[in-house]
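Visitor:
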Amino acid sequence: MPIRKKHLRTLHGLIEAPVDQVTPLVLDVPPADGVTVEASTRTRSVAVQGSWWYRSETTVTPTPGGSMITLKIYNVAQRSRWAVPLASHPALRDAPAAFICRLETIGAHLGVNAYPTTPAQNGGAASTRRTA
């Protein structure tokens with residue numbers, strides 16, 4: 368039976384490197400207690416599911432100028448779905464900063480620019496870009 372999921376948030380970012388360099392770094396999600404990680408090099412995606420409600424799906428797609436990273440966060444609660452808006456608030460609030468940190472970490476590792484492309488994703492602050 369497919370997972371019942373409700374979309375909560377989407378974030379986008381660009382890493383100025385080819386997908387073959389970026390994908391292995393995006394798919395490298397360390398294991399954690401109570402968290403399930405499903406990674407696929409074929410689809411260039413990784414899903415992370417934990418707690419009773421949380422699921423994120425991150426994909427890497429080629430785009431002019433590099434690799435587009437898309438993070439989607441879902442509510443997958445099978446019970447007490449009414450409580451998800453309360454429980455999810457901290458995770459959804461903190462998601463943009465964590466996403467930007469991940470982009471910048473991968474960009475620094477590769478020595479390239481990496482930045483969010485979702486409007487107002489970082490509270491309106493200017494994104495960090497490397498100059499070559």
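Residues in the sequence shown are numbered consecutively from 368, following the numbering used here. Beta carbons are placed, not taken as given, at the ideal position from N, Cα and C, and that holds for glycine.
Quick one: what's got a C-beta closer than 6 Å to Val-389's C-beta in the same chain, skipping five residues either side?
Guide: Here residue 389 refers to the residue found at position 22 of the sequence shown. Within the same chain, Val-389 has close Cβ partners Ile-382, Val-427 and Ser-434.
Visitor: Following the continuous alpha helix (DSSP H) through Val-386, name the residue where it begins and the one where it ends.
Guide: Translated into the one-based positions of the sequence shown, residue 386 becomes position 19. First-last of the alpha helix (DSSP H) with Val-386: 386 to 394.
Visitor: Along the chain, where does the alpha helix (DSSP H) containing Pro-483 start, and where does it finish?
Guide: One-based indexing of the sequence shown puts residue 483 at position 116. Here Pro-483 belongs to no alpha helix (DSSP H); instead the beta strand (DSSP E) covers 481 to 483.
Visitor: Beta-carbon within less than 6 Å of Ala-406's beta-carbon, same chain only, minus the 5 sequence neighbours each way: which residues are those?
Guide: Here the question's residue 406 lines up with position 39 in the sequence shown. Leu-394 and Val-413.
Visitor: Given a threshold of 16 other Cβ atoms within 10 Å of its Cβ, counted over all protein chains shown, does Ser-447 qualify as buried or as exposed?
Guide: What you label residue 447 is simply residue 80 of the sequence shown in a count that begins at 1. Counting Cβ neighbours within 10 Å, Ser-447 comes out exposed, since fewer than 16 surround it.
Visitor: Find out if the Cβ-Cβ distance for the pair Pro-463, His-379 is shorter than 8 Å.
Guide: By one-based count along the sequence shown, residue 463 stands at place 96. By one-based count along the sequence shown, residue 379 stands at place 12. No, the Cβ-Cβ distance between Pro-463 and His-379 is not below 8 Å.
Visitor: Work out the CA separation of Thr-430 and Ile-436 for me, nearest whole Å.
Guide: What you label residue 436 is simply residue 69 of the sequence shown in a count that begins at 1. What you label residue 430 is simply residue 63 of the sequence shown in a count that begins at 1. Roughly 10 Å between the two C-alpha positions.
Visitor: Who does Ile-440 pair with in a DSSP beta bridge?
Guide: Counting from one through the sequence shown, the residue named residue 440 turns up at place 73. DSSP, once it has assigned bridges, lists Arg-376 and Ser-423 as partnering Ile-440.
Visitor: Taking the DSSP output, what are the residues bridged to Ala-406?
Guide: Numbered from 1 along the sequence shown, position 39 holds the residue referred to as residue 406. Paired residue(s): Val-413.
Visitor: Measuring CA to CA, which of Tyr-421, Arg-469, Pro-398 and Leu-438 is closest to Val-451?
Guide: To locate residue 451, count along the sequence shown from 1; it is residue 84. Closest by alpha carbon: Tyr-421.
Visitor: Looking at the strands, I want to know which residues DSSP matches up with Thr-428.
Guide: Residue 428 sits at position 61 when you count from the first residue of the sequence shown. DSSP output for Thr-428 lists Met-435 as bridge partner(s).
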